[in-house]
Amino acid sequence: MKFNQFTKCLALIGTMTWAATVSAQAFDPIAGCTDASFIDGGSENIINTSGASYTPKCLRVRVGAFVTIEATQHHPLAAMPDIDGALNPFASESPSVIPITQQMNSPGFYGYFCTRHGDEEGDGMAGVIEVVP
């Protein structure tokens, strides 16, 4: 009986260790945003340009929230390619020089960047919106 309880305990510890390892490895940084660097947003959010960066750079919102990303002639806005199959609602045929507002309807990660100071790989002036259920 004691051996069986010990075996169950080891199995539970092994499962917990595996789960912690998987969750720690599940998030690859995007545009320098780590899981810990996301700012929780509300139902209406504005991402501003500040110098050659976005504020906030890493934004987490719930499905249904509205997000406006500032864009100007000096900071043309473009969307990063789709991440894990989630279609980026900020995607357009050419960079925008006016702010864009989108309602975030699907969970996922949505990257954006300034075409003058960043790139679609997330380097430089770039950021990410994480949409959660």
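Residue numbers (the working numbering): 293 to 425.
Virtual Cβ for every residue (Gly too), placed ideally from N, Cα, C.
These numbers come from a predicted model, not from an experiment.
- Taking the Cα positions, S388 is about 22 angstroms away from V423.
- Using a 10 angstroms sphere on the CB of P381, the tally of other CB atoms reaches 16 or more, which defines it as buried.
- DSSP places S329 within a helical segment (H, G or I) once states are collapsed to three.
- The shortest CA-to-CA distance from E412 to any of I338, D374, S345 is the one to D374.
- In terms of Cβ geometry, A370 and F405 form a close pair [threshold 7 angstroms].
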